[in-house]
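If you count by the UniProt record's numbering, then the sequence shown holds residues 1 to 577, one letter each, in order.
C-beta atoms are modelled at their ideal positions from N, C-alpha and C, and glycine is treated no differently.
All of these numbers come straight from a predicted model, not from anything done at the bench.
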Amino acid sequence: MDNEEELRVRAYYLWEAAGRPNGEADEHWAQAEQDAAAVSHVLVSNDLSSLLTLDNLALLEKEVLPGYLMRRRWFAAKDRKVDAIRVMTPATAIDQTGLLAQIEVTINDSIERYSIPLAIVWDERSPTDDDLRLARDMALASVRGEQRSGILTDAFFDPAFVRALVGKTNAGAVVGSPEGARVDFVLEPGAKETIGLGGDIRWLSTEQSNTSVIVGGRIVMKLMRRLQSGVHPEAEMCRFLTRAGYRNSSPLLAEIVHTDDDGVSRSIAVLEGFVANDGDAWTYAIECLRDALKEDVAATSEPRDGKASDGSARLQEAATVIGRRLGELHAALASPDGNPAFAPEAVESKDIEVWKEAAISQLERALDIVDGQRGIPSSVDTSLIEKLTQGREQIIESVRGAVLPESSESKTRIHGDFHLGQVLWANGDVCIIDFEGEPARPIESRRAKANPMRDVAGLLRSIAYAAAFVARQEDDSSSESCDPANRESRLETLRRGAEVCFLKAYSEVADRDVSELVDENEVSLLRLYLVEKAAYEVCYEAANRPEWIAIPLRGLARALAAFSGKENSSGKGTIFK
1 MDNEEELRVR AYYLWEAAGR PNGEADEHWA QAEQDAAAVS HVLVSNDLSS
51 LLTLDNLALL EKEVLPGYLM RRRWFAAKDR KVDAIRVMTP ATAIDQTGLL
101 AQIEVTINDS IERYSIPLAI VWDERSPTDD DLRLARDMAL ASVRGEQRSG
151 ILTDAFFDPA FVRALVGKTN AGAVVGSPEG ARVDFVLEPG AKETIGLGGD
201 IRWLSTEQSN TSVIVGGRIV MKLMRRLQSG VHPEAEMCRF LTRAGYRNSS
251 PLLAEIVHTD DDGVSRSIAV LEGFVANDGD AWTYAIECLR DALKEDVAAT
301 SEPRDGKASD GSARLQEAAT VIGRRLGELH AALASPDGNP AFAPEAVESK
351 DIEVWKEAAI SQLERALDIV DGQRGIPSSV DTSLIEKLTQ GREQIIESVR
401 GAVLPESSES KTRIHGDFHL GQVLWANGDV CIIDFEGEPA RPIESRRAKA
451 NPMRDVAGLL RSIAYAAAFV ARQEDDSSSE SCDPANRESR LETLRRGAEV
501 CFLKAYSEVA DRDVSELVDE NEVSLLRLYL VEKAAYEVCY EAANRPEWIA
551 IPLRGLARAL AAFSGKENSS GKGTIFK
């Protein structure tokens, strides 16, 4: 991979070893440097074997980890009171480079387990070495030995630890402990040649629910931060798709699994093939939408005679490719292979009722927020708020009483968290990534079979968000664009055009009637899922980005319109026409 190509590779935004990244990643670097500057606690240890003494454990659990976790994006309990933290001992050592440490966090009556590998970086290891910059920036505490000093850091940011993990994986090793716990490095057939090549190490910039690193430009190692017992959907899905020959996802190379001394297993990490790409579909959709608006300004002097703008055409072409590949993904997941976890099952009436109640439950939470005006800025359209608040009972009953058409489809495994950010542009095609589902949900829920329309709904909501994102940017920009009075209408047309292309392409592959999907007034499982997803987005934005809440509120109103005026078991419709 030459330098020019390397700079274009944006599977996630890469940290260059010798420089700082731009944009959102800058915030992460700044936070990391604040962490390093804040290291004030001192642990006493000569090496890894003496690191987890009672005194050091007490300092870590009471003083160091409470603040450190609150600064980590992967820590899921930042909005809740932590009652206790326990570092689990013993921790498995990996070639004396670090410990595969885990912690238990007690919150009320529940316990969450997280992975936080630990390594000591001694001062003698070249303080100016760029390879150690992140390891030093992510320091938890200082370490003082008898004849040397250093820092305790997250081992996943130490190149020596990462290389040791890759080496163990390539060997298909099993690392046990006298107490009975073990770590299995499970190598997939044919992966040894790829993993064994090694290479330079580059971390992916912004922390999410997991932490990832690229090795040799061929491997992505993803460290699972929140650990749950059972089969992890990321490894399970990628393994199935790789063996099924699905070409538009990254192949699974290996999985690292920790098993407690009581026999309970948890996936610690997965290794997948790295797909060189030109960015994600979210970024591309934004570019297309912006270009279409700019072209509208240019066309005011030279009309296009009804022809689609280049930005619009490219967006529709992209939506078509994504629809086709999603349809093929669902077909692959529905193909029988003898594995009960993937065997298609008939949809029963009780399944539809369960899905309906899940949507209603999410809808009620969203309406609670609207009723209480929590997280809703005064700039939001008051008429929309009034419709949602005054018609609450009617809205809920119209969804509960809706008669959904019988589904001839089977329920199967699905992606579970499908949106534009989960699609990468690669070699003129797309690659679908991140098959772990919604990380906040329990593993068994993420592994449950569902109707494929849930994934379709996720992509439709993502297209709507992209259009709304561009509208907000144009409002805040001083650059020339189309008339504000026409912008909303134009973006709505672009949104709808992309959606129709996506749905048509998906329907062709899925061999189903496209009219049901394209008709926004058709009561269907797709519309039900759109209600659920938009309602979830209302709750999320109220808690995290209240200035964005108008986007899902409009999406919720649009999804509810499908239930307007339709005959249902309650005899009621909604107020949305």
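query                                                                                                                                                        : result
CB-CB under 8 Å to Leu70, same chain, minus the five flanking residues each way: which ones, in chain order?                                                 : Strictly speaking, residue 70 in this sequence is Met, with Leu absent from that position. Only Lys78 meet the Cβ criterion.
Helix, strand or coil for Gln102? Go by DSSP, reduced to three states.                                                                                       : strand
Bridge partners for Gly176 per DSSP, in chain order?                                                                                                         : Arg182
Take every Cβ of the segment 154-173, pair it with every Cβ of the segment 185-194, and state whether three or more of those distances are shorter than 8 Å. : yes
Would you please state the rounded distance, in angstroms, between the beta carbons of Pro442 and Gln208? I believe it to be under 8 Å.                      : Pro442 to Gln208, Cβ: 19 Å. No contact.
Between Asp154 and the rest of its own chain, which residues show a CB-CB distance below 6 Å, the 5 nearest in sequence each way excluded?                   : Met138
Tell me the DSSP secondary structure of Gly246 in three-state form.                                                                                          : For the sequence presented, residue 246 should be read as Tyr rather than Gly. Coil.
What are the boundary residues of the alpha helix (DSSP H) that Arg133 is part of?                                                                           : Arg133 to Asp137
What is the DSSP secondary structure of His419, reduced to helix, strand or coil?                                                                            : coil
Leaving out five residues before and five after Val514 in sequence, what residues of the same chain have Cβ atoms less than 7 Å from its Cβ?                 : Leu503, Lys504 and Ser507
Would the beta-carbon of Ser149 fall within 8 Å of that of His41?                                                                                            : no
Please confirm if the segment 454-461 is in contact with the segment 416-433, defined as three or more CB-CB distances below 8 Å between the two stretches.  : yes
When the Cα of Asp337 is compared with those of Ser361, Gly401, Glu104 and Ala244, which residue comes out closest?                                          : Ala244
Can you look up Val220 in the DSSP assignment and give me helix, strand or coil?                                                                             : strand
Determine the direct distance from the alpha carbon of Ala254 to that of Ser177, and round the result to whole angstroms.                                    : 22 Å
Taking DSSP as the reference, what is the three-state secondary structure of Gly145?                                                                         : coil
By alpha-carbon positions, which one of Asp310, Ser115, Pro377 and Ala181 ends up nearest to Arg86?                                                          : Ser115
Figure out for me which residue from Leu491, Ala58 and Phe157 has the closest Cα to the Cα of Ser312.                                                        : Leu491
Should Gln96 go down as buried or exposed, given a rule of 16 or more other Cβ atoms within 10 Å for buried?                                                 : exposed
Is Ala534 closer than 8 Å to Leu289 when the C-beta atoms are compared?                                                                                      : no
Taking the C-alpha atoms as reference points, what is the distance between Ile195 and Val166?                                                                : 7 Å
In this structure, how does DSSP classify Leu69 when only helix, strand and coil are distinguished?                                                          : helix
Since Glu526 and Ala457 are thought to touch, with beta carbons under 8 Å apart, how far apart are those beta carbons, to the nearest angstrom?              : Just to set this straight, residue 526 is Leu in the shown sequence, not Glu. Rounded, the Cβ-Cβ distance is 6 Å, consistent with contact.
Taking the beta carbon of Gly98 as the centre, do at least 16 other beta carbons fall within 10 Å, making it buried, or is it exposed?                       : buried
Beta-carbon separation of Pro439 and Arg226 under 8 Å?                                                                                                       : yes
Under 8 Å, with one C-beta from each stretch per pair, do the segment 318-328 and the segment 346-358 reach the 3-pair mark?                                 : no
What is the rounded straight-line gap between the Cα of Glu234 and the Cα of Ser49?                                                                          : 33 Å
Look at Ala332 and Leu241 and say whether their C-beta atoms are less than 8 Å apart.                                                                        : yes
Near Ile268, what residues of its chain come up, given a Cβ to Cβ distance below 8 Å and the 5 sequence neighbours on each side ignored?                     : Leu100, Ser115, Val183, Leu223, Met224, Leu227, Ile256, Val257 and His258
Tell me, to the nearest whole angstrom, how far the beta carbon of Val275 is from that of Ala426; I am working on the premise that it is less than 8 Å.      : 5 Å
Go ahead and pull the three-state DSSP assignment for Lys294.                                                                                                : helix
Express the C-alpha separation of Pro377 and Trp282 in angstroms, rounding to a whole number.                                                                : 26 Å
Just the C-alpha distance for Ala559 and Ser410, rounded to the nearest angstrom, thanks.                                                                    : 24 Å
What residues in its chain sit with their C-beta under 6 Å from that of Ile575, if we drop five residues either side in the sequence?                        : The predicted model places Ile575 with a pLDDT of 42, which falls under 50 and marks its position as unreliable; any figure quoted below should be read in that light. So the qualifying residues of the chain are Lys387 and Gly391.
First and last residue of the alpha helix (DSSP H) that includes Gly555?                                                                                     : Ala550 to Leu560
For Leu51, report the span of its alpha helix (DSSP H) as first-last.                                                                                        : Careful: Leu51 lies outside any alpha helix (DSSP H) and carries neither H nor E.
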